[in-house]
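Just below is one structure, and these are the notes that go with it.
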Amino acid sequence: AAGVIQSPRHLIKEKRETATLKCYPIPRHDTVYWYQQGPGQDPQFLISFYEKMQSDKGSIPDRFSAQQFSDYHSELNMSSLELGDSALYFCASGTSGGGSYNEQFFGPGTRLTVL
Amino acid sequence: QKEVEQNSGPLSVPEGAIASLNCTYSDRVSQSFFWYRQYSGKSPELIMSIYSNGDKEDGRFTAQLNKASQYVSLLIRDSQPSDSATYLCAANDYKLSFGAGTTVTVRA
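Here the protein sequences come in this chain order: U and L. In terms of my numbering, the first sequence is residues 22 to 136. In terms of my numbering, the second sequence is residues 17 to 124.
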């Protein structure tokens, strides 16, 4: 079965640089979620999109922005990178039909390292 | 304080035994819950979802939800070394709120 695709899988950036992470949801899934997981931490919700509109926002820094495109893929743009942004970034996808009962399926993640 | 709390690990069990993981939640969160398994450096993998009071079984996994006591648990029967991982309890309120995770080690 098709899964969530994320690219790139690994990314190394310098401080103050920018980064763009991409997520391709499971076919026919209309909702995308972004999570950040620091070392030894549980995943923290950043932002979500439903039908190309932002649906919820969590602890996402103002330096980060995201959007969902007409083909439902999503991009997370990160600017003025800081050392503390080094983490695993996961995208999850789901469908909106069941409300809070909807399951979320995670992609393999992008490991961002800021030097 | 986290909205979802998991009992502290790590948990070490012998192969073939039952591993029991617990999670409590605040009344601010939704009433649907997921259990994810995460191997080191990998992404969370959904293994169980539960929405109603009572038990839900899927293979060697049984999830239990008790809304009155605000806890959800996961039992892993006949534990295998491949079950060694971190197990994350999550409350689903359109976004997931995770517990800190319980690391399980199954000794061969």
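Cβ coordinates follow ideal geometry from the N, Cα and C atoms, glycine included. If you're wondering where the values come from, they're calculated on a predicted model, not measured in any experiment.
Contact with chain L by residue i, beta-carbon distance below 8 Å
i	result
residue 63(U)	yes
residue 48(U)	no
residue 66(U)	yes
Below-8 Å beta-carbon distance, residue i vs any chain U residue
i	result
residue 77(L)	no
residue 117(L)	yes
Own chain, CB closer than 7 Å to residue i, minus 5 neighbours either side, in chain order
i	result
residue 9(L)	Given that chain L is displayed from residue 17 to residue 124, the structure contains no residue 9(L) and the question cannot be resolved.
residue 26(U)	45, 128
residue 72(U)	51
Extent of the continuous beta strand (DSSP E) to which residue i belongs
i	result
residue 104(L)	101 to 109
residue 90(L)	87 to 92
residue 53(L)	49 to 54
residue 122(L)	118 to 123
residue 115(U)	108 to 115
residue 65(U)	65 to 71
Beta bridge counterpart(s) of residue i as assigned by DSSP
i	result
residue 38(L)	89(L)
residue 70(L)	81(L)
residue 122(U)	Per DSSP, none; premise fails for residue 122(U).
Sequence-distant residues of the same chain with beta carbon closer than 6 Å to residue i, five excluded per side
i	result
residue 109(U)	58, 130, 132
residue 24(U)	none
Sequence-distant residues of the same chain with beta carbon closer than 8 Å to residue i, five excluded per side
i	result
residue 32(U)	40, 42, 131, 132, 133, 134
Open item on the list: Under 9 Å, CB to CB, which of the residues in the region 55 to 70 of chain L have a partner in chain U?
Closed with: 57, 58, 59, 60, 61, 62, 65, 67
Open item on the list: Please list, in chain order, the residues of the region 87 to 115 of chain L that have any C-beta partner in chain U closer than 7 Å.
Closed with: 104, 108, 109, 110, 111, 112, 114, 115
- [ ] Name, going along the chain, the residues of the region 95 to 112 of chain U whose beta-carbon falls closer than 7 Å to a beta-carbon of chain L.
- [x] 111
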